[in-house]
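First residue of the sequence shown? That's 109 in my numbering, and the numbers climb one at a time after it.
In this text, a Cβ means the ideal position worked out from N, Cα and C, and glycines have one as well.
Treat the numbers as computed from the prediction; the structure is a model and nothing was measured.
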Amino acid sequence: AGTSILVIEHVMHAIMRLCDRIVVIHFGQQIAEGVPQEIASDKRVIEAYLGEEFLIAAD
């Protein structure tokens with residue numbers, strides 16, 4: 109199997125490049141889990157952390 113590492117980071121572009129799988133916690137609640145592409149398109153994650161600028165930059 110692989111190795112798991114816990115990273116707490118708010119620079120989302122770094123996390124998207126660094127991680128194979130991501131769990132997103134918002135105010136103590138898990139709101140999303142998946143590969144970076146899934147996280148980047150998750151409406152809850154966009155609203156909580158990424159903002160609409162992230163969607164425009166990803167296009």
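Asked, Found
"What residue does the beta strand (DSSP E) around H134 start on, and which one ends it?", "I130 to H134"
"Give every residue of the same chain whose Cβ lies closer than 6 angstroms to the Cβ of D150, excluding the five residues on either side of it in the sequence, and list them in chain order.", "A140"
"Just list the residues that DSSP pairs G142 with in beta bridges.", "I130"
"Using 8 angstroms for Cβ pairs, my map puts A156 next to H134. What's the rounded Cβ distance?", "5 angstroms"
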